[in-house]
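Student:
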Amino acid sequence: MSEVQEAIPLEAARRRSPPAVEVHELRKEFRRRDSKRRRGKRTRVALDGVSFAIARGETVAILGQNGSGKSTLVRLLSTLLLPDGGSAQVLGHDVVSDGRAVRRLVNRVSVEASFFKKMSSAENLSYAARYYGMTAGETRDKIPALLERVGFPPDRRDEPMENLSRGMQQKVALARALLTSPVVLLLDEPTTGLDPRSKLEVQEFIREIRTTHDSTILLCTHDLNEAESLAERVGILDRGRLLALEPADDLKRRYGAATLEEAFFAATGREFEAEGDEDDDREVFA
Amino acid sequence: MRAVFGTMRAELVGAGGVVERNVYLTKRYIWWDLAWFIWTVANTLTIVFIAKGIEATGGELDVNEVMTSLLIGAVIWAYLGVLFEFLMETVAWERWEGTIEYTFMAPLSRAMHLAGQGIFAIAYGLLRAVFLFTVCALFFDLSMPDANFLAAFVVLVVSSISFLGIGVMTSVLPLISPEKGTQLGFVAQGTLLVVSGIYYPVDVLPQWMQWIATISPATYALEGAREAILEGAGMSEMWDEIGPLLLIGAVTIPLGLWVFHRGELYAKKHGKLKRSG
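Written as structure tokens, this is what we have:
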């Protein structure tokens, strides 16, 4: 590395490098058979021209109700879906044309922990690490260390996943995501359905990742407090459209709101917890 | 060059990961696998008993030879069943467990992912086939004085390459239809064997089926295994079977990968690459 490059402060280098995530006019629609019509299909727009960028090391939360398009966004960035329009890039790599490079850079934690339930946590993490090219020698010490870091009891490492609580499983899911040292960590409602104590533990661990890892985090959540306390910027995604994305305080100021919930109501015209039939229907599609 | 070797190493480690996962699962489900093996033994015995039944009703046949021939057919049917089932599970089981999204978003190439699944399926299927053959042969006290078991084993290994290609094509079906895709895989297995002389010579089939038999790898696998076990044919005498098997494999493997790739694109386009389909 040259002396000039060494002299560039980390923040400046980050500003010069491409954004960790860059999404431009991203669109995704789903077509499903319409049970009300004998022939023909219904089309639902899950994401409608969404654009934003996330800088390296930044944590961004996307707030939205069921069916707002949060999971569709995460799945597009994970290369599990093909967009119908627009583009998405991770560190300059396009999710469609350079999917393999993107897959090396991202990992995720979703609302359901998703493991082979008869296998133990150590076994689940072990085979998953191989998919990222990590040998047994590389994971022998790393897996126990990571499980310990997320607060997983060492004496339960060999127990089948099906014997573990939801909170415990979600901790293993976090360990799995971190095992591959992702540059971008996609968290899709990681605390939904957890008991209060597990929820706080998982949130605390996300906070720790922010300070100890050079990871960029996209957190999609239902939880307004979680978004406000963990993210530097908060976005409002409503029925596939990103209505705003800025620091929580700016968001509240913009909508003249005292709380994020009020800001959400002002932006969408709907109560945060109020979900209609259309939202349920959209959730099925997305 | 270093980057290329690095990628190759990561791919091999990834394929090893698929094998490792299947080893863990087999360990966890070992008693279920044993129960299933007993069912396969029972099923095979019922088929082999047909020869004894024909003899008992006055039919003239070399019972030992016909029983051995039927046993070979039943063992290859069971082997193919295991192979196809493992490949179908590439998608079906992962969807059921909910791990499908994590597997498909990993940087492992699909070819090596499927290769890992295929390698384990072949190893497990061959081991099971050897046990099945041994148990049934001992049960009937079959006499195979000229048998060349090594040659028969080699033919089965070579035929696995072609079967793998066809299995990969069928494994995409649960991706397209989560509800009925798996059953369609059994249709492919049954169709493949009915035209290949599973329990009878191919000559007895209608002409159009005989034509299809010439492009079915199972035809050559069955012929090769029977020649080796019944007539003691060695490797050098079996190029009529091994040659076509290699040729069919050279076509079915890339074709299978292409079909799977198209299926994966379809699933990504229509949002079917998720646990609920």
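Chains as they are written, first to last, in the numbering used here: chain Z, 1 to 286; chain B, 1001 to 1277.
The C-beta atom is built at its ideal place from N, Cα and C for all residues, glycine as well.
Small disclaimer: the values here were computed from a predicted structure and weren't measured.
(1) Kindly indicate which three-state DSSP category residue 284(Z) falls into: helix, strand or coil?
(2) If contacts are defined as beta-carbon pairs under 8 Å, then residue 1253(B) and residue 1077(B) qualify, I think. What distance do you get, rounded to the angstrom?
(3) Can the beta-carbon of residue 73(Z) be found closer than 8 Å to that of residue 20(Z)?
(4) Could you check how far apart the C-beta atoms of residue 27(Z) and residue 85(Z) are, in whole angstroms? I think they sit under 8 Å.
(5) Assign residue 30(Z) to one of two classes, buried (16 or more other C-beta atoms within 10 Å of its C-beta) or exposed (fewer than that).
(6) Given 7 Å as the limit, tell me if residue 69(Z) has its C-beta closer than that to any heavy atom belonging to the ligand NAD.
(7) Measuring only the C-alpha atoms, how far is residue 88(Z) from residue 1166(B)?
(8) Consider the Cβ of residue 1010(B): report whether some Cβ of chain Z lies at a distance smaller than 8 Å.
(9) If we cut at 8 Å on Cβ distances, does residue 1178(B) have a partner in chain Z?
(10) Please return the same chain residues whose Cβ sits closer than 8 Å to the Cβ of residue 1278(B), not counting the five positions on each side in sequence.
(11) Would residue 1105(B) pass as an interface residue toward chain Z - the criterion being a Cβ-Cβ separation below 8 Å?
(12) Give the DSSP-derived three-state secondary structure of residue 1037(B) in the structure shown.
(13) Short of 9 Å Cβ to Cβ, which residues in the region 108 to 129 of chain Z face chain B?
(14) List the residues of chain Z that residue 1247(B) touches, going by C-beta distances under 7 Å, in chain order.
(15) Give every residue of the same chain whose Cβ lies closer than 6 Å to the Cβ of residue 128(Z), excluding the five residues on either side of it in the sequence, and list them in chain order.
(16) Can a CB atom of chain Z be found closer than 8 Å to the CB of residue 1277(B)?
(17) In the region 247 to 274 of chain Z, which residues sit with their C-beta less than 8 Å from some C-beta in chain B, listed in chain order?
(18) Can you tell me whether DSSP reads residue 221(Z) as helix, strand or coil?
(19) Taking any Cβ of chain Z, which residues in the region 1007 to 1038 of chain B have a Cβ under 8 Å from it, in chain order?
(20) Answer with yes or no whether the minimum CB distance from residue 33(Z) to chain B is below 8 Å.
(21) For residue 1083(B), which residues in the same chain have their Cβ closer than 6 Å to its Cβ, ignoring the five residues on either side in sequence?
(22) According to the Cβ coordinates, are residue 267(Z) and residue 217(Z) closer than 8 Å?
(23) Would residue 1085(B) count as contacting chain Z if we go by Cβ distances under 8 Å?
(24) Checking contacts by CB at 8 Å: is residue 1098(B) closer than that to chain Z?
(25) On the DSSP bridge assignment, give the partners of residue 1057(B) in chain order.
(26) Taking residue 133(Z) and residue 1010(B) to be in contact with their CB atoms under 8 Å, please state how far apart those CB atoms are, rounded to whole angstroms.
(27) Closest to residue 1242(B) by C-alpha separation, out of 1259(B), 1223(B), 1046(B), would be which residue?
(28) Using the DSSP secondary-structure output, state which residues sit across from residue 291(Z) in a beta bridge.
(29) So the beta strand (DSSP E) residue 107(Z) belongs to, where does it begin and stop?
(30) Got a sec: is the Cβ-Cβ distance from residue 985(B) to anything in chain Z below 8 Å?
(31) Taking the alpha carbon of residue 58(Z) as the point to measure from, which residue in 227(Z), 269(Z), 210(Z), 117(Z) has its own alpha carbon closest?
(32) Are there 16 or more other CB atoms within 10 angstroms of the CB of residue 124(Z), so buried, or fewer, so exposed?
(33) In the structure shown, what three-state DSSP assignment does residue 1068(B) receive?
(34) Is the region 1103 to 1121 of chain B touching the region 1011 to 1021 of chain B, taking contact as three or more C-beta pairs under 8 Å?
(35) What are the residues that DSSP puts in a beta bridge with residue 41(Z)?
(36) Would you tell me roughly how many angstroms separate the C-alpha atoms of residue 1248(B) and residue 1046(B), rounded to the nearest one?
Tutor: Per the coordinate set shown:
(1) At residue 284(Z) the pLDDT is 48, less than 50, meaning the model places this residue with poor confidence; the figure from the coordinates comes in the next sentence. Looking at residue 284(Z) - three-state DSSP - the assignment turns out to be helix.
(2) The Cβ separation is near 22 Å, so there is no contact.
(3) no
(4) 4 Å
(5) buried
(6) The ligand NAD is not part of this structure, which contains no ligands at all.
(7) 35 Å
(8) yes
(9) no
(10) Residue numbering for chain B in the displayed model covers 1001 to 1277; residue 1278(B) lies beyond these limits and cannot be assessed.
(11) yes
(12) helix
(13) 108, 110, 112, 113, 114, 115, 116, 117, 118, 119, 120, 123, 124, 126, 127, 128, 129
(14) Within chain Z, no residue comes near residue 1247(B); the closest Cβ sits about 31 Å away, beyond 7 Å.
(15) 176
(16) For residue 1277(B), the predicted structure reports a pLDDT of 45, less than 50, and the residue's modelled location is therefore unreliable. A value from the coordinates is still provided. For residue 1277(B), the answer is no, since every Cβ of chain Z falls outside 8 Å of its Cβ.
(17) none
(18) strand
(19) 1009, 1010, 1011, 1013, 1014, 1016, 1017, 1018, 1020, 1021, 1024, 1025, 1028, 1029
(20) no
(21) 1121, 1125, 1163, 1167
(22) no
(23) no
(24) yes
(25) DSSP output for residue 1057(B) lists no bridge partner at all.
(26) 3 Å
(27) 1223(B)
(28) The structure shown does not extend to residue 291(Z), since chain Z is modelled only from 1 to 286, so the question has no answer here.
(29) 106 to 109
(30) What the structure shows of chain B is the stretch from 1001 to 1277, and residue 985(B) is not part of that stretch, so it cannot be assessed.
(31) 210(Z)
(32) buried
(33) helix
(34) yes
(35) 33(Z)
(36) 32 Å
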